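Following: one structure in structure tokens, then a few remarks.
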Amino acid sequence: MKALVVYDSKYGNTERIARAIAGGLGDAALRHVADVRAEDVDNADLLVVGSPTQGGRPTPALLALLDRLREEDLKGKDVAAFDTRIDGRHRNFLVRGFLGVIGYAAPRIARRLEAKGGRRAAAPEGFVVEATEGPLRAGEEQRAETWAKALPRAALNR
Numbered sequence: 006m007k008a009l010v011v012y013d014s015k016y017g018n019t020e021r022i023a024r025a026i027a028g029g030l031g032d033a034a035l036r037h038v039a040d041v042r043a044e045d046v047d048n049a050d051l052l053v054v055g056s057p058t059q060g061g062r063p064t065p066a067l068l069a070l071l072d073r074l075r076e077e078d079l080k081g082k083d084v085a086a087f088d089t090r091i092d093g094r095h096r097n098f099l100v101r102g103f104l105g106v107i108g109y110a111a112p113r114i115a116r117r118l119e120a121k122g123g124r125r126a127a128a129p130e131g132f133v134v135e136a137t138e139g140p141l142r143a144g145e146e147q148r149a150e151t152w153a154k155a156l157p158r159a160a161l162n163r
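Numbering (our numbering), first residue to last: 6 to 163.
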């Protein structure tokens, strides 16, 4: 299965997670959102897309890429989405409530990929940063690699 991991990153945390995911997938291509070409998507059987969560959404650059994708670009492809996020469970009730209302980037990415014809290989996944600029919570890169290793099996067993 040919995999493509596409990401955007503001402080480097999402890039680190994307690299861990590509490593977990084995021979996956890794592209920053600004470097994605149409043939990259065409050649992939599995497309994994990730972004930092900014105001509950993916970055504008990632949203622009998702908008450019056509239904025929994703038809028959397995897709998965991830984000980096602050863990609201350990914050005060106002922050938890705010995060509960605005949400996270990965579910929004997944919905757009599926609306364009992609087949969900896994539920959207979030990887935790300790603060806006990071660092990643200890163990998140390993968790990302483990999550990625399950994606091809999940896609085949659907």
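From the three backbone atoms N, C-alpha and C, an ideal C-beta is built for every residue, glycine too. All figures in this text were calculated on a predicted structure; none of them were measured in a lab.
7 Å CB neighbourhood of residue i in its chain, flanking five on each side removed
i, result
"R21", "L141, E146"
"V38", "V11, Y12, D13, A66, L67, L70"
"L35", "V10, A23, R24, A27"
Beta-carbon proximity list for residue i, same chain, < 6 Å, skipping 5 on both sides
i, result
"A143", "none"
"L79", "K121, G122, G123"
"A25", "E146, A149, E150"
"K15", "P57"
"P157", "M6"
"V46", "D78"
"T5", "Residue coverage of the chain in this structure runs from 6 to 163, which leaves residue 5 outside it and unanswerable."
"D92", "V133"
For residue j and residue i, the rounded distance between their alpha carbons
i, j, result
"A27", "D83", "15 Å"
"V54", "R116", "12 Å"
"A136", "W152", "22 Å"
"V133", "R75", "31 Å"
"R62", "L118", "14 Å"
"G164", "Y109", "Because the chain spans 6 through 163 in this model, residue 164 falls outside it and cannot be assessed."
"R73", "E138", "28 Å"
"V41", "R125", "21 Å"
"E44", "G81", "15 Å"
Local Cβ density within 10 Å of residue i, reported as buried at 16 or more and exposed below that
i, result
"N18", "buried"
"A49", "buried"
"A2", "This structure does not reach residue 2, given that the chain is present from 6 up to 163, and the question cannot be answered."
"D32", "exposed"
"D88", "buried"
"F103", "Reliability fails at F103, whose pLDDT of 49 lies under 50, so the model's placement of it is uncertain and the value that follows must be treated cautiously. With fewer than 16 Cβ atoms within 10 Å of its Cβ, F103 is classed as exposed."
Contact set for residue i: own chain, Cβ-Cβ below 8 Å, skip 5 residues either direction
i, result
"E77", "G122"
"K154", "G29, L30"
8 Å contact criterion, which residue i and residue j should meet: CB distance rounded
i, j, result
"R90", "G29", "Not confirmed; about 19 Å, so no contact."
"A86", "A111", "5 Å"
"P129", "I114", "7 Å"
"L51", "M6", "6 Å"
Next item on the list: Ignoring anything shorter than 4 residues or poking outside the segment 60-92, list the alpha helix (DSSP H) runs there in chain order.
Entry: 65-73, 76-79
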